[in-house]
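Q: Using the numbering used here, read the sequence shown as starting at 37 and increasing by one per residue. For each residue, glycine too, the CB sits at the ideal point set by N, CA and C. Mind having a look at this structure? Questions to follow.
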Amino acid sequence: MPHIIIEYTDNIKGEIEIGELLMKMNDVLISYATIFPVGGIRSRAIELKHYRVADGSEDDAFVHAMLKIGAGRNETDKAKVCDKLFAAMEDHFDPLFSKRYLALSMELVEFGESGTYKKNNIHDRY
Numbered sequence: 037m038p039h040i041i042i043e044y045t046d047n048i049k050g051e052i053e054i055g056e057l058l059m060k061m062n063d064v065l066i067s068y069a070t071i072f073p074v075g076g077i078r079s080r081a082i083e084l085k086h087y088r089v090a091d092g093s094e095d096d097a098f099v100h101a102m103l104k105i106g107a108g109r110n111e112t113d114k115a116k117v118c119d120k121l122f123a124a125m126e127d128h129f130d131p132l133f134s135k136r137y138l139a140l141s142m143e144l145v146e147f148g149e150s151g152t153y154k155k156n157n158i159h160d161r162y
């Protein structure tokens, strides 16, 4: 952990450089290696083909990020990381805001160890 999952509407796929965004999000998490082990970082993006935004009368778009982490981090650290992640999203999509209607959102999902299963030898590199 942590995992970043980014959902985005397919009407912006040609304008957003999603791979670059994933790199930026990973870079933020890597900068907090004392909070999150680097070997546990995962990021992925899901292009949405079926969606509806507002009343559907415009070609609206949205990007929603979810940061999933295990329990145990303090509120200050979680806020710092989330603020940096969302700032990276805002910066990445700033040029698109001048061209079209766009909504950005992010949520933090924190869960306990009960109900999660993991096996990872990537940590050995770090």
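What distance in whole Å lies between the Cβ atoms of G75 and H159, which are believed to be in contact at a cut-off of 8 Å?
A: 4 Å
Q: Can the beta-carbon of P38 be found less than 8 Å from the beta-carbon of I77?
A: yes
Q: Of the choices N156, D96, A115 and S134, whose alpha-carbon is the least far from that of D46?
A: D96
Q: Going by C-alpha to C-alpha distance, which of F133, R109 and S79 sits closest to F98?
A: F133
Q: Between which two residues does the beta strand (DSSP E) holding F147 run?
A: For F147, the enclosing beta strand (DSSP E) stretches over residues L138 to F147.
Q: For Y173, list the residues DSSP reports as bridge partners.
A: With the chain covering only 37 through 162, there is no way to say anything about residue 173.
Q: Give the secondary structure of G106 by DSSP, where H, G and I count as helix, E and B as strand, and everything else as coil.
A: strand
Q: Quick one: Cα of K116 to Cα of E94, how far?
A: 35 Å
Q: Just verifying my parser: in three-state terms, what is the DSSP assignment at R161?
A: helix
Q: Apart from the five residues just before and just after E43, which ones in its own chain have a Cβ nearer than 6 Å to its Cβ?
A: The beta carbon of E43 is closer than 6 Å to those of I82, L84 and H100 in its chain, skipping five residues each way along the sequence.
Q: Over what stretch of residues does the alpha helix (DSSP H) that includes K60 continue unbroken?
A: For K60, the enclosing alpha helix (DSSP H) starts and ends at I54 to I66.
Q: Taking the beta carbon of S67 as the centre, do at least 16 other beta carbons fall within 10 Å, making it buried, or is it exposed?
A: exposed
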